[in-house]
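Residue numbers (our numbering): 21 to 409. A virtual CB, placed ideally from N, CA and C, is assigned to each residue, including glycine. As the structure is a computational prediction, the values presented were derived from the model and not from experiment. Notes to accompany the following structure.
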C-alpha cells in the first residue's frame, strides 16, 4: 500500500449513504458531514445506523463503526456503537465520531460502504435477509462521520424561489482543461438552487483538470484500503485518469465533473465494491447496474484491474446504462443553461430529483452532495467540511 503524509490533520471523513436514486440506482456513499450526536430515533429500515442518523439496528444486530447493521466481528467488535445496537463486551468505544492523527505513516479512511466483510454477515446479506428490516426506497437518511474542530466556513445566501429553466445542451465542454486555479483547498457550504446568484461557484471558479487530478492523487492512490482490497497501482491510477479524459471527450461531459463524482463515490478506487440492495451499483461511480467493475457482487476481485474495465466503469456512470441514467442524461434533464446544471445533475445523481423548493440541500438522500461536488470542483481535497444540512 502506498503512503503519504498530511500535516496535523485530525480527522478524515468518509463517503457513502445508502439512498436510492430516482431512477432506482442505489448508492452506498458517505458524504463528509460532521455528525452531531442525536437521540435515538428508532429502528433502522435500511440497515444503516448510528452516526448522525440516530437509527438503531434490529434486535440482535450490531451497529458498526461505519454505521451499518450486522452480526460479524466487523460489526460487533472494535468500534461497535453500543447505543445503536448489540455489541461484544470488549467493545466500549464511542464511535459517533471518527478521529485519527494522520502523520507520516498511512492514511486509513473509513469506508463509504459496509466493512470488508459486507455481504456476508451484514444487514441484508443472503444469510440473514429474513431477520433484517426491509429496505425502503423512500427512506431519507444522511450518514456521516465527524471531523476535527471546524475550520472557518462561509455560507451561501438563502435559496431563491425555484422555477424550471428552459432546456439546454448537455455540456459546454468535455475537456475540463480550463485555466482556472480554483478557490483552494477550502470548504464553503452552498445552499440554494445552484446558481451563482445564490452564491454557488461559477465555472471560472473551478480548478483545471490536471491540477484537480494532482491534488487528489494521494487519496486516489490509497483509496481501496477502505474496502479491504489492494490499493491502485500507479498504472491503474494513470488508466483512471485517461479513462476520465477519454469518456469526457466522447460524452461531452466535463472531465472535472466526472472526477468530482468519482471522488465523491469511491475516492478513485478501481476495485470499489459492487453495492447491491434492490439493484447492483458497481464501480468507481457506483453506476446503475453497469457492467464495469473489478469487484463484483459475488466478491470476485480483479488485480490488476484491466484498463478496459476501468474505462467501462467511467462510461457506465457518465454515459449511463441500459438500466439507468448517467451524468450526461442528468445534465440534459436539468434544463439549465448555466453552471447550475452541474450542481443540479449531481443532486439528481444522488437522489433522483431536485427538491420542489429548488434548494439542492433539501429533499431526500445526501443533503450535502451537491455542495460537496461544487467544492471538489473548486479545489477542495482535505479541508474540514462543516456541512451539516
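Use the C-beta contact count for residue i: other C-beta atoms within 10 angstroms, 16 or more gives buried, fewer gives exposed.
i	result
residue 234	exposed
residue 293	buried
residue 126	Low confidence applies here, because residue 126 scores a pLDDT of 31, under 50, leaving its location unreliable; read the following figure in that light. Exposed, by the Cβ-count rule.
residue 254	exposed
residue 300	buried
residue 213	buried
residue 320	exposed
residue 307	buried
residue 270	exposed
residue 124	Because the pLDDT of residue 124 is 29, which lies under 50, any placement of that residue in the model is unreliable, and the question is left without a value.
residue 318	exposed
residue 357	exposed
residue 378	buried
residue 241	buried
Less than 7 Å between the C-beta atoms of residue i and residue j, yes or no?
i	j	result
residue 390	residue 380	yes
residue 323	residue 218	no
residue 310	residue 336	yes
residue 220	residue 362	no
residue 371	residue 385	yes
residue 283	residue 396	yes
residue 225	residue 203	yes
residue 210	residue 394	yes
residue 228	residue 248	no
residue 338	residue 351	no
Using C-beta distances below 8 Å, list every residue in its chain close to residue i, excluding the 5 sequence neighbours before and after it, in chain order.
i	result
residue 316	294 and 302
residue 401	205, 235, 236 and 239
residue 207	171, 173, 395, 400, 403, 404, 405, 406 and 407
residue 353	345, 365 and 368
Name the one or two DSSP bridge partners that residue i has.
i	result
residue 384	Paired residue(s): none; residue 384 is not in a bridge.
residue 301	295
residue 201	227
residue 321	315
In chain order, what residues of the same chain have a beta carbon less than 6 Å from the beta carbon of residue i, not counting five sequence neighbours either side?
i	result
residue 95	82 and 84
residue 349	340
residue 343	308 and 309
residue 280	393, 396 and 397
residue 263	330, 331 and 334
residue 287	239 and 243
Ordered along the chain, which non-local residues of its own chain (more than five positions away) have a Cβ less than 7 Å from that of residue i?
i	result
residue 290	252, 256, 260, 304, 314, 325 and 330
residue 244	250, 251, 252, 289 and 291
residue 265	275
residue 312	302, 303, 329, 332, 333, 335 and 336
residue 158	A caution first: residue 158 carries a pLDDT of 31, below 50, which makes its placement in the model too unreliable to give a value.
residue 222	216 and 359
residue 382	375
residue 296	317
Exercise. Just checking, does the segment 74-85 make contact with the segment 102-109 on the three C-beta pairs under 8 Å criterion?
Worked result: yes
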